[in-house]
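2 protein chains.
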Amino acid sequence: MSTYHHGDLPAALLRAAGRTLERRGLAALSLREAARRAGVSHNAPYRHFPDREALLAALAAEGFAMLGERLRGQPGREMGEAYVRFALQQPQRFRLMFGGLVPMTKYPELRNAAQGAYQALIEAFKELPRPELAAAAAWSLVHGLSQLLLDGHFTHTDREAFVRDVLGVVRFAQRAA
Amino acid sequence: MSTYHHGDLPAALLRAAGRTLERRGLAALSLREAARRAGVSHNAPYRHFPDREALLAALAAEGFAMLGERLRGQPGREMGEAYVRFALQQPQRFRLMFGGLVPMTKYPELRNAAQGAYQALIEAFKELPRPELAAAAAWSLVHGLSQLLLDGHFTHTDREAFVRDVLGVVRFAQRAA
DNA sequence: ACCTGAACACCGTTCAAGT
DNA sequence: ACCTGAACACCGTTCAAGT
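So the sequence lines, in the order shown, correspond to chains H and A.
Quick note on the working numbering: the first sequence kicks off at 1 and runs consecutively.
Quick note on the working numbering: the second sequence kicks off at 1 and runs consecutively.
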C-alpha cells in the first residue's frame with residue numbers, strides 16, 4: 001500500500017465537494033473540507049486544482065454537463081419543465097453554475113459545457129424563423145423562472161402547475177419583429 | 001467630541017459595504033472590512049447587525065428598492081429594458097439580491113422590498129386576462145436574460161439591440177391556456 | 001447604549017521538506 | 001510527481017471590559 005491514498009485524487013475531491021455542496025451549501029464548501037473528506041492533507045488539492053476557484057469551475061462544468069443530458073432527453077415542449085426541475089432538484093449546484101463565482105472566460109471546459117447545454121435548446125427552435133433569438137428568449141424564461149422559484153419570489157401551492165401555466169402563457173413570435 | 005464616531009453607524013456601514021460590493025465584489029465584503037472603512041473596531045457592527053447575513057440582507061433590500069424605482073419610472077414596454085439595464089449597471093448588487101445568500105423568509109423588510117419591485121411589473125400587465133401569470137412570465141424572462149448576460153452566455157457585439165430583439169420575440173398569450 | 005481588545009475556530013495560500 | 005506540516009494573513013463570532 002503506497003503513500004498515495006487515491007488512484008484518482010481529483011475525482012475523489014470532486015465527489016467530496018459535490019456532496020458537501022448539495023448537503024451543506026456553497027458556504028461550507030472549502031478546499032480544506034474537500035481534502036478532509038478525501039482523507040488527504042489540507043493542501044494536497046493544490047496538486048490538482050490551482051485554487052478554490054478552479055474546483056468550483058470543475059463543479060460548475062459538471063453541472064452544465066448534467067443539465068445538458070437532462071435537456072437532450074426531452075421533447076421540445078417539455079424541455080422547459082426539465083430545466084426548472086433540474087434547478088429545483090439541485091439548487092446549490094444550479095446556484096454555483098450561475099452565481100458569477102467562476103468567470104467562464106478563464107475556464108474553457110466550463111464554457112464548452114455551458115454551450116453544450118445551450119445547444120439542446122437551440123435544437124428545439126430550429127423550425128422557427130429566428131431560432132437563435134427564440135432560443136435565447138426561451139433560455140432566459142426558464143432560467144429566470146427557476147431562479148425566482150428558488151429564491152422564493154413565487155409562492156404557490158401547486159408548483160408544477162404554476163410552472164406549466166407560466167410557460168404556457170408565453171408565445172415566441174412566428175414572424176421576425 | 002464623544003467616543004461615538006458616528007451619529008448613524010448603521011448607515012455608515014451600509015454605505016461602506018455598498019461601495020466595497022460594487023468596487024471589489026461580494027467576496028471582499030466582510031463585516032471587518034466595513035468596520036474598517038467606517039473607522040470603528042471590527043466588532044462594533046454587531047451592535048447593529050446580528051451577523052454578516054443581516055448586513056447582506058440590508059444591502060439586498062436597498063437593491064430591490066432601487067430596482068423598484070427604476071421600473072416604476074418606465075412605460076410598460078420599456079420596463080423590461082430598464083430591468084436589464086439595472087442588472088448590467090449594478091452587477092454585484094444584482095447578484096447579491098438573487099444569489100440565495102439571504103433567505104427572504106428571515107428578513108421581512110427584504111421580502112417587502114422585493115414584492116414592491118414585483119408590483120411594478122404586475123401593474124404593467126393589468127389589462128391582460130391573466131395578469132399575474134403574464135407578470136410572472138415577464139419577470140422570469142427579463143431576470144433570466146439579465147443573469148445570462150452577466151454570466152457571459154450571450155456574446156453579441158450590440159448588446160442593447162440583442163436585448164430589444166430577445167424581448168421583442170416574446171408574446172404573452174391573450175387568451176387563457 | 002455603544003464601543004474596544006483579546007481570543008477561538010475557521011479559511012486560502014505559500015513554503016520547505018519528505019518519499 | 002505527490003503528499004505533508006508549519007506558517008501567514010485573513011475571516012465571523014464571542015466575551016469580558018471600558019465609557
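We treat Cβ as the ideally placed atom computed from N, Cα and C, and that holds for glycine.
Three or more pairs of CB atoms, one per stretch, sit closer than 8 Å, so the region 95-108 of chain A contacts the region 44-61 of chain A.
Going by beta carbons, Val169/A and Leu96/H fall outside the 8 Å limit. Taking a Cβ-Cβ cut-off of 9 Å, Asp51/A has no neighbours in chain H, whose nearest Cβ is about 12 Å from it.
Pairing Gly99/H with Leu26/A, the inter-Cα distance amounts to about 11 Å.
Of all residues in the region 75-94 of chain A, none has a C-beta nearer than 7 Å to a C-beta of chain H. Contact fails between the region 32-43 of chain H and the region 84-95 of chain H, because fewer than three Cβ pairs, one in each stretch, are under 8 Å apart. Using a C-beta cut-off of 8 Å, the region 139-146 of chain A makes contact with the region 141-160 of chain H, since at least three inter-stretch Cβ pairs fall below that distance.
Listed in chain order, the positions of the region 154-177 of chain A with a beta carbon within less than 7 Å of a beta carbon of chain H are Phe154, Asp165, Val166, Gly168, Val169, Val170, Arg171, Phe172, Ala173, Ala177. Look at the beta carbons and you see the region 67-87 of chain A touching the region 149-163 of chain A: at least three pairs across the two are nearer than 8 Å.
Remark: C-beta atoms of Gly80/H and Leu14/H do not approach each other more closely than 8 Å. Taking all protein chains in view, the Cβ of Ala120/A is crowded by 16 or more other Cβ atoms within 10 Å, so the residue is classified as buried. By the beta-carbon neighbour count (other beta carbons within 10 angstroms, threshold 16), Gly7/A is exposed.
Residues of chain A whose Cβ lies closer than 7 Å to the Cβ of Leu133/H are, in chain order, Asp165, Val166, Val169. Here Phe172/H carries a strand assignment [DSSP, helix/strand/coil]. Out of Arg23/H, Leu56/H, Val163/H, the CA that lies nearest to the CA of Leu31/H is found in Leu56/H.
In the three-state DSSP reduction, Thr20/H falls in the helix class (H, G or I). Counting only the Cα atoms, Gly39/H lies some 43 Å from Leu88/A.
Taking the Cα of Arg36/H as reference, the smallest distance to any Cα among Leu9/H, His156/H, Leu101/H is reached at Leu9/H. Bounds of the alpha helix (DSSP H) holding Arg37/H are 31-38. If you draw a straight line from the Cα of His48/A to the Cα of Gly18/A, it is about 16 Å long.
Counting only residues of its own chain and dropping the five nearest sequence neighbours on each side, Ala28/H has a CB closer than 7 Å to the CB of Thr20. Look at Asp51/H here: in three-state DSSP terms it is coil, with no helix or strand label. One thing to note: Ala34/A has its Cβ within 8 Å of the Cβ of Ala16/A.
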